[in-house]
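So that you can map any letter, position 185 of the sequence shown is 223 in the working numbering, and since no number is skipped, the others follow by simple counting.
Using N, Cα and C, we set each Cβ at its ideal position, and we do this for glycine too.
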Amino acid sequence: MHLESTLPLKDRRPGPTPIVSTTPPENTNRRSLKDLKALNKPPKTRAPALGEVGKRQTLNVFSADGRDVSAEVGSEEAVVDETAFVKQPAVIFTRGKKGMHYTLLLLDYHKDEGSAPHHRLHWLITDIPGQHFASGDLSRGIVLADFEPPRVPDAQQPRLYVLMVFEQRPPTPPNTPEEEQAEGLHQGPLGRHPDLQQFVSDRDRFPLTSWLRSNSPKMARIAACQQFRAHLSECSLNIAGLGSRDMLDQREDQGVLGDVEDSDHSSDKRAGGGPRPGPGVQDKERPGPRPPGGTNTGQLTAGAAGGPQAKQRCPV
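(1) Can we say the region 240-258 touches the region 197-211, given the rule of at least three CB pairs closer than 8 Å?
(2) Figure out for me which residue from ALA109, THR96, VAL117 and ASP103 has the closest Cα to the Cα of ARG197.
(3) May I ask you to verify whether the region 163-174 touches the region 125-145, counting CB pairs closer than 8 Å and requiring at least 3?
(4) With 16 other CB atoms within 10 Å as the buried threshold, where does PRO208 fall?
(5) Can you tell me the Cβ-Cβ gap for LEU162 and VAL200, rounded? I've got them flagged as a contact below 8 Å.
(6) Do the CB positions of ALA268 and PHE131 come within less than 8 Å of each other?
(7) Pull up the distance between the alpha-carbon of PRO227 and that of ASP165, whole angstroms please.
(8) Where VAL124 and GLY179 are concerned, what is the direct C-alpha to C-alpha distance, given to the nearest angstrom?
(9) Rank ALA183, PRO127 and LYS135 by C-alpha distance to the C-alpha of ALA102 and give the top, closest one.
(10) From ALA183 to ASP242, what does the alpha carbon distance come to, in whole angstroms?
(11) Taking the continuous beta strand (DSSP E) assigned at VAL200, which residues delimit it?
(12) Quick one: grab the DSSP three-state call for ARG178.
(13) Could you tell me which residues DSSP pairs with VAL99 in its beta bridges?
(14) Can you round the beta-carbon distance between LEU143 and VAL238 to whole angstroms, since I take them to be within the 8 Å contact cut?
(15) Quick one: what's LEU159 bridged to in DSSP?
(16) By Cβ distance, which residues of its chain are closer than 6 Å to ARG133, with the 5 residues on each side in sequence left out?
(17) Which word fits SER248, buried or exposed, when buried means at least 16 other C-beta atoms lie within 10 angstroms of its C-beta?
(18) Could you name the residues of the same chain whose beta carbon sits closer than 7 Å to that of PRO167, not counting the 5 residues immediately before and after it, in chain order?
(19) Would DSSP call PHE244 helix, strand or coil?
Structural data, given as structure tokens:
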């Protein structure tokens, strides 16, 4: 035993002062510079998945007679007034960006119990400039499928429809002549590409998954996706001037469904039958749908003879 240990504490010699480190202990969970930068960035907002209703209203939809049906279109539970889609509506994508192009797609997404989803193509416009889309002007886009109103065999059972907006990737110039030759039409407008046009030949069986996979290099993301329920009764057919449902079925059998004689967008009036510029606003004397407030922007033309006819009601 050391002799000093037997002395009282006050008589003991002070020992060496312990060395205390002034540097912070090493953090075993040290994060990389990339992780630290990521912490300072705001979280990314996820684009709505296919068939998912976006929580934030990004599409403004007006019927041909000027009614604002945006709230109904944004709700899967609500059933849209059948007359709202008798004629082509006006769709405004308020988040359209200048310099970007977009694709507008409307599908019958109905799914019978025990079967795969049945996709009928009702509307397809590509290459819509963002700044024009933000004001409801679709005339700069390329129409691959004219608007077709909801058509349901059983008018008592509204069907599910999905209205989607895709943001297209900006074209990137090839680096070498070989890449330029390989790309070919890939550098042109999306609506002119043969890989896209081949999918619209059968509107009854639109292969949505294959279409998305084939055009994934051109599609950046789903910018908006809203679903709603709607149906079309005999009353609505008469209001639209389409005749009875039997006549509509006959048009389908003849392969001309959607080429309505009184429609301004009838493909019978187009030469060549290929893709064409979108529904325009050339007919300035025709009033377009009016946004809330009653001011006609002149760019929301829905391609239909305006209000009075569409506001008719069936006799009791």
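Put simply:
(1) yes
(2) Closest option to ARG197, Cα to Cα, is VAL117.
(3) Contact holds: three or more Cβ-Cβ distances are below 8 Å.
(4) exposed
(5) At roughly 12 Å, the Cβ-Cβ gap does not stay under 8 Å, so LEU162 and VAL200 are not in contact.
(6) no
(7) 6 Å
(8) 22 Å
(9) Taking each of ALA183, PRO127 and LYS135 in turn and checking the Cα distance to ALA102, the smallest one comes out for PRO127.
(10) The C-alpha of ALA183 lies about 12 Å from the C-alpha of ASP242.
(11) 197-206
(12) coil
(13) Paired residues: VAL129.
(14) In this structure LEU143 is not in contact with VAL238, their Cβ atoms being roughly 11 Å apart against a cut-off of 8 Å.
(15) DSSP lists LEU145 as the beta-bridge partner residues of LEU159.
(16) The beta carbon of ARG133 lies closer than 6 Å to those of THR96 in the same chain, with the five residues before and after it left out.
(17) Exposed.
(18) HIS139 and ARG178
(19) The answer is coil: DSSP assigns PHE244 none of H, G, I, E or B.
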